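Visitor:
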Amino acid sequence: MIRSKIGGIGYYVPETVVTNDDLSKVMETSDEWIQERTGIRERRYGTKHKETTTSMGARAAEVAIQRAGISKEDVDFIIFATLSPDYYFPGCGVLLQRELGITHKEAAALDIRNQCSGFLYGLSIADQFVRSGMYKNVLLVGSEMHSMGLDFSTRGRNVTVIFGDGAGAVVVQPSEKEGQGILTTKLHSDGTYAEKLAFINPGAHGGYHLDKMEEEYDFGYDYDQKYGEIFITDKMLKDGQIFPNMEGQFVFKMAVQKFPEVINEALDEVGLSTKDIDMLIPHQANLRISQFVQKRLGLTDEQVWNNIQKFGNTTAASVPIAFCEAWEAGKIKEGDLVCLAAFGSGFTWGSALIRW
Ligand code: ACO
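Using numbering that gives the first Met the number 0, the first residue of the sequence shown is number 0, and each one after it goes up by one.
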């Protein structure tokens, strides 16, 4: 049985640093509120007209490809995870393929939209493809340009202060060493609370879900509007219904329950326990969530990598950015057990165990 490994890893964050004080100049918020609730001090924003989710993903991918010791032509499958794509369609996978010049005729690209768990879902897909022998060099990218789609008025402050831009990438390849590589991946979802953390408009829902939910949601259009008029309406624009919305406390409660569950599930499967974890890389949702999970699992500060303080929450990019940073800092050595875990919109959540 072939096992897969991460052959190369890279990340890219844009240059522009946006501090909490910078945000407090455009909306009613404060450094104190943001740090106390989330741990975030600053985040990065991409440059308008110069950078996109795809271009940042391409920069991270170039580093991962080079570190994997392959050339771009060797990439046979691309998986792109994002919730902030350049276009509604086509997805960033083919745009990245074009940007990197991966033009050989066997190449293929897949876009996935599992939000904060996007990288974990992508890793599991890559693992299955490599293990089955179908592909040898799967390029997995998680990238987000949140800054283009946030509400910078006080109305959107509960969401806007949390998110930042950036990208991370890995190349998944067959492992040559016995015992090395991805030991397991665990994926879960539950759509019951899909709208608790969501970016609903513009969309083709046409009000359908409205009648199926207990809570009253204002989807931003009238029933007598015509088909073409309800995809994006003046009301949506005026009332800021074209931005992400989040019931923060509800998300928080779900996250602190699901993270430990899915980590323990993976450990149980391979007969290991939390004390065997050398490095836990949680999705950087909120420092308070990571601290809660760390405490619940009885891990030390040295066993958990957090970088949300300087990058904010970069959704699909957060796990590979943190993973790469920890590796570059020399905190992940050969033979170490690395645990990745994420929870986010959907809700979707997942974990992976990797013997480095
Ligand atoms: N600055 C100042 N005040 C704010 C801000 C802000 N940026 N945002 C909200 N407030 C105000 C609210 O208006 C509210 O005021 P009120 O009491 O006068 O009505 C008050 O602060 C409390 O608002 P809550 O939303 O209840 O604040 P809470 O303590 O829950 O903190 C937060 C909000 C940080 C979002 C928290 O709920 C949280 O971390 N939730 C987890 C969700 C999360 O991490 N999401 C990340 C993305 S999802 C993911 O990656 C898993």
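All C-beta atoms, glycine included, are put in the ideal place defined by N, C-alpha and C. Remember, it's a predicted structure, so these values are computed and weren't measured experimentally.
Cβ of residue 245 versus every heavy atom of the ligand ACO: is any distance shorter than 7 angstroms?
Guide: Answer for residue 245: yes, Cβ within range of the ligand ACO.
Visitor: Closer than 7 angstroms to a non-hydrogen atom of the ligand ACO - does that hold for the CB of residue 115?
Guide: Flag set: Cβ of residue 115 near the ligand ACO.
Visitor: Enumerate, from N- to C-terminal direction, the unbroken alpha helix (DSSP H) stretches of 4 or more residues contained entirely within the segment 152 to 200.
Guide: For the segment 152 to 200, whole alpha helix (DSSP H) runs of length 4 or above, ordered along the chain, are 156 to 159.
Visitor: Which whole-angstrom value describes the C-beta separation of residue 105 and residue 75, a residue pair presumed to lie in contact below a C-beta threshold of 8 angstroms?
Guide: Their Cβ separation, rounded to whole angstroms, is 6 angstroms, which keeps residue 105 and residue 75 in contact under 8 angstroms.
Visitor: Given this structure, state the Cα-to-Cα distance separating residue 373 from residue 277, to the nearest angstrom.
Guide: Absent from the model: residue 373. The displayed extent of the chain is 0 to 355, so no value can be given.
Visitor: So, with DSSP's three-state summary, where would you put residue 88?
Guide: Three-state result, residue 88: coil.
Visitor: Is the segment 283 to 300 in contact with the segment 84 to 92, if contact means three or more CB pairs nearer than 8 angstroms?
Guide: Verdict: no, contact absent.
Visitor: Could you tell me whether the segment 18 to 38 touches the segment 185 to 200, using the rule of 3 or more Cβ pairs below 8 angstroms?
Guide: Judged by Cβ distances under 8 angstroms, the segment 18 to 38 makes no contact with the segment 185 to 200, as fewer than three pairs qualify.
Visitor: Could you tell me which residues DSSP pairs with residue 352 in its beta bridges?
Guide: The partner list for residue 352 (beta bridge, DSSP) reads 183, 338.
Visitor: Hey, could you find the ends of the beta strand (DSSP E) residue 5 is sitting in?
Guide: Run containing residue 5: 3 to 11, per the beta strand (DSSP E) assignment.
Visitor: By the DSSP assignment, the beta strand (DSSP E) with residue 278 in it spans what residues?
Guide: 278 to 281 is the span of the beta strand (DSSP E), which, as asked, contains residue 278.
Visitor: In this structure, what does DSSP give as the bridge partners for residue 41?
Guide: Bridge partners of residue 41: 18.
Visitor: Consider the C-beta atom of residue 343 and the heavy atoms of the ligand ACO; say whether any pair is separated by less than 7 angstroms.
Guide: Checking every heavy atom of the ligand ACO against the Cβ of residue 343, one is found closer than 7 angstroms.
Visitor: In terms of residues, what are the limits of the beta strand (DSSP E) holding residue 110?
Guide: Start and end: 107 to 111.
Visitor: In chain order, what are the residue ranges of uninterrupted beta strand (DSSP E) at least 3 long that sit wholly in the segment 232 to 313?
Guide: The qualifying runs are 278 to 281.
Visitor: Okay, do the segment 168 to 180 and the segment 237 to 256 touch, 3+ Cβ pairs below 8 angstroms being the bar?
Guide: The answer is no - the segment 237 to 256 does not touch the segment 168 to 180, with fewer than three Cβ pairs under 8 angstroms.
Visitor: Nearest CA to the CA of residue 13: which residue from 260, 57, 176?
Guide: The option with the nearest alpha carbon to residue 13 is 57.
Visitor: Compute the beta-carbon to beta-carbon distance between residue 381 and residue 348, rounded to the nearest angstrom, for a pair I have assumed lies under 8 angstroms.
Guide: For residue 381 there is no data in the structure shown, the boundaries of the chain being 0 and 355.
Visitor: Suppose you measure from the CA of residue 98 to the CA of residue 158; what does that come to, to the nearest Å?
Guide: One C-alpha to the other measures close to 31 angstroms.
Visitor: Could you have a look at residue 230 and say whether DSSP puts it in helix, strand or coil?
Guide: In this structure, residue 230 counts as coil in the three-state DSSP scheme.
Visitor: Quick check on residue 351: buried or exposed, where buried means 16 or more other Cβ atoms within 10 Å of its Cβ?
Guide: Buried, because 16 or more other Cβ atoms sit within 10 Å of the Cβ of residue 351.
Visitor: Looking at the unbroken beta strand (DSSP E) that takes in residue 141, where does it start and where does it end?
Guide: Start and end: 137 to 143.
Visitor: Using 8 angstroms as the cut-off, can you tell me whether the segment 302 to 317 makes contact with the segment 250 to 267, which would need three or more C-beta pairs spanning the two stretches below that distance?
Guide: Touching, no, given that fewer than three Cβ pairs across the two stretches are closer than 8 angstroms.
Visitor: In whole angstroms, what separates the C-alpha of residue 9 from that of residue 224?
Guide: Straight-line Cα distance between these residues: approximately 47 angstroms.
Visitor: Answer yes or no: the CB of residue 251 versus the heavy atoms of the ligand ACO, is any distance below 7 angstroms?
Guide: Answer for residue 251: yes, Cβ within range of the ligand ACO.
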